[in-house]
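Okay, structure first, notes after.
Numbering (the working numbering), first residue to last: 6 to 77.
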């Protein structure tokens, strides 16, 4: 115990949540829009970073790392 007390009021949490929500939306929305316009297969095939995050396709596990863990 350090003897230091921390206090956060509910209004502090709301002040932090709004900018975080806006930031997350600003970063993810272009991906959502791209997937909505082109379809997830086309977008994942053209964007390696999204392809790495893809785990399932029609209920089938396609992520090599997850498959390795499942077989252990």
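Note that the Cβ used here is the ideal one computed from N, Cα and C, for glycine as well. What you are looking at is a predicted structure, and each value in this text was computed from that prediction instead of being measured.
Reference residue i; option with closest CA among the options
i, options, result
"residue 61", "53, 52, 46, 51", "46"
"residue 39", "73, 55, 77", "55"
Limits of the alpha helix (DSSP H) - the one that residue i falls within
i, result
"residue 48", "45–51"
Bridge partners - residue i, DSSP secondary structure assignment
i, result
"residue 69", "Note: residue 69 sits in no beta bridge, so no partner."
Where residue i falls: helix, strand or coil (DSSP)
i, result
"residue 61", "strand"
"residue 32", "helix"
"residue 77", "coil"
Beta-carbon proximity list for residue i, same chain, < 6 Å, skipping 5 on both sides
i, result
"residue 59", "49"
"residue 68", "60"
Neighbourhood of residue i by C-beta, 7 Å cutoff - its chain only, sequence neighbours within 5 removed
i, result
"residue 27", "none"
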